[in-house]
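Read through the structure below, which is laid out as structure tokens, and then see the notes.
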Amino acid sequence: MTDQTESEIVHRTLDPDGENPTVQIIEAIMDLEGVDSTNLPTIYDCVDGMLNELFSNPPSPEAQMEVEFSYHRYRITVEQNGEAKFVKTG
């Protein structure tokens, strides 16, 4: 993502203690694209339970763990503290 300017990166904060993080990702994409969830592909093919594991059993903060994946024309990076970056790819 270093080729992207800061204006092309959308930052969101997910709640690590909140609702299923994959639902939070879908809600962010719905907001960014102005679409309903029925117009989006299933996210579980992209991340399965990875985000749930990141938040439910997090490594020590020193690990600075993050998960990066592509979903519905976005490259998404989620850090263990809940910070998320969305970069449009198409």
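Residues in the sequence shown are numbered from 304 upward in steps of one, following my numbering. Here a beta-carbon is modelled for each residue, glycine too, at the ideal position from N, C-alpha and C. None of these values were measured; they are calculated from a predicted model.
Original post:
Where does I379 sit, in a helix, a strand or coil, going by DSSP?
Top reply: strand
Original post:
Counting along the chain, where does the beta strand (DSSP E) carrying S363 start and finish?
Top reply: Run containing S363: none; DSSP gives neither H nor E here.
Original post:
In whole angstroms, what is the alpha-carbon distance linking L317 and V390?
Top reply: 16 angstroms
Original post:
Does the separation of the CB atoms of I312 and K388 fall below 9 angstroms?
Top reply: yes
Original post:
Which residues bound the beta strand (DSSP E) around S373?
Top reply: 369-374
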